[in-house]
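All remarks here apply to the structure that follows.
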Amino acid sequence: NAGVMQNPRHLVRRRGQEARLRCSPMKGHSHVYWYRQLPEEGLKFMVYLQKENIIDESGMPKERFSAEFPKEGPSILRIQQVVRGDSAAYFCASSPPGWAAGYTEAFFGQGTRLTVV
Amino acid sequence: DAKTTQPNSMESNEEEPVHLPCNHSTISGTDYIHWYRQLPSQGPEYVIHGLTSNVNNRMASLAIAEDRKSSTLILHRATLRDAAVYYCILTSGGGADGLTFGKGTHLIIQP
Numbered sequence: 092n093a094g095v096m097q098n099p100r101h102l103v104r105r106r107g108q109e110a111r112l113r114c115s116p117m118k119g120h121s122h123v124y125w126y127r128q129l130p131e132e133g134l135k136f137m138v139y140l141q142k143e144n145i146i147d148e149s150g151m152p153k154e155r156f157s158a159e160f161p162k163e164g165p166s167i168l169r170i171q172q173v174v175r176g177d178s179a180a181y182f183c184a185s186s187p188p189g190w191a192a193g194y195t196e197a198f199f200g201q202g203t204r205l206t207v208v
Numbered sequence: 019d020a021k022t023t024q025p026n027s028m029e030s031n032e033e034e035p036v037h038l039p040c041n042h043s044t045i046s047g048t049d050y051i052h053w054y055r056q057l058p059s060q061g062p063e064y065v066i067h068g069l070t071s072n073v074n075n076r077m078a079s080l081a082i083a084e085d086r087k088s089s090t091l092i093l094h095r096a097t098l099r100d101a102a103v104y105y106c107i108l109t110s111g112g113g114a115d116g117l118t119f120g121k122g123t124h125l126i127i128q129p
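Those protein sequences? They're chains A and B, same order as listed.
Remember, the numbering used here sits 91 above the position in the first sequence when you count from 1.
Remember, the numbering used here sits 18 above the position in the second sequence when you count from 1.
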């Protein structure tokens with residue numbers, strides 16, 4: 092059973108371009124979570140999705156950022172018109188139902204390191 | 019903001035036990051206590067979680083105070099591979115409040 096797969100591992104974008112980060116959850120997991128981590132900082136929650144549904148996007152910036160988890164295929168975190176401040180590591184986690192409620196665990200991918208030049 | 023407080027860093031010697039504290043004075047009755055760790059340049063890794071009773075697994079033990087306002091992650095015999103940032107988080111209610119990790123404790127293991 093493969094773990095949570097994120098790609099690409101490293102992504103370089105020029106200011107103003109779009110960045111697309113992909114996350115394939117573990118087999119059988121229905122929930123996906125996206126996090127951002129700046130250097131020397133903790134992980135900041137961004138968004139929590141179920142298949143075809145956004146459960147909670149309270150941590151997402153209001154502009155330029157969007158996320159989806161379609162019925163088929165990976166979850167996508169999309170950042171439009173990237174700026175230097177978007178440079179960070181972006182981690183995805185997946186779980187069965189119940190991690191946000193506490194009684195199951197989540198598994199994280201290795202992250203995508205986005206650099207905006 | 020994270021609902022837990024942890025020391026910024028701790029140091030221990032290889033092959034000795036390590037006790038990592040976490041304060042969560044505003045914990046509610048339905049909050050679970052989860053611990054994750056993050057090795058350098060990697061994604062966080064699940065360690066252990068519990069609600070009220072102490073928990074043991076192959077990686078660690080979790081000791082939860084009787085009033086649940088604090089907990090301690092115990093690594094019974096630290097190795098160099100245990101050097102990581104350890105995060106304590108509270109999750110409950112199905113919402114995202116508990117899903118933000120603080121800065122965690124940077125555990126340094128001396129050979």
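Cβ coordinates follow ideal geometry from the N, Cα and C atoms, glycine included.
In the DSSP assignment, what residue or residues form a beta bridge with residue i?
{"i": "residue 147 (chain A)", "result": "A:139"}
{"i": "residue 105 (chain B)", "result": "B:54"}
{"i": "residue 89 (chain B)", "result": "B:40, B:82"}
{"i": "residue 185 (chain A)", "result": "A:123, A:198"}
Would you mind stating whether residue i and residue j have Cβ atoms separated by less than 8 Å?
{"i": "residue 148 (chain A)", "j": "residue 138 (chain A)", "result": "yes"}
{"i": "residue 182 (chain A)", "j": "residue 128 (chain A)", "result": "yes"}
{"i": "residue 30 (chain B)", "j": "residue 96 (chain B)", "result": "yes"}
{"i": "residue 40 (chain B)", "j": "residue 60 (chain B)", "result": "no"}
{"i": "residue 195 (chain A)", "j": "residue 178 (chain A)", "result": "no"}
{"i": "residue 110 (chain B)", "j": "residue 192 (chain A)", "result": "yes"}
{"i": "residue 90 (chain B)", "j": "residue 124 (chain B)", "result": "no"}
{"i": "residue 100 (chain B)", "j": "residue 93 (chain B)", "result": "yes"}
{"i": "residue 133 (chain A)", "j": "residue 104 (chain B)", "result": "no"}
According to DSSP, is residue i part of a helix, a strand, or is it coil?
{"i": "residue 47 (chain B)", "result": "coil"}
{"i": "residue 94 (chain A)", "result": "coil"}
{"i": "residue 119 (chain A)", "result": "coil"}
{"i": "residue 129 (chain A)", "result": "coil"}
{"i": "residue 57 (chain B)", "result": "coil"}
{"i": "residue 125 (chain B)", "result": "strand"}
May I ask which residues mark the beginning and end of the beta strand (DSSP E) holding residue i?
{"i": "residue 173 (chain A)", "result": "That residue, residue 173 (chain A), is in no beta strand (DSSP E); it is neither H nor E in DSSP."}
{"i": "residue 104 (chain A)", "result": "101 to 104"}
{"i": "residue 77 (chain B)", "result": "Neither: residue 77 (chain B) is in no beta strand (DSSP E) and is coded neither H nor E."}
{"i": "residue 63 (chain B)", "result": "63 to 68"}
Original post:
Can you find at least 3 beta carbon pairs, one from the region 60 to 70 of chain B and one from the region 42 to 52 of chain B, that sit closer than 8 Å?
Top reply: Verdict: yes, contact present.
Original post:
Can we say the region 102 to 115 of chain A touches the region 168 to 183 of chain A, given the rule of at least three CB pairs closer than 8 Å?
Top reply: In short, these stretches touch, since the Cβ pair count reaches three.
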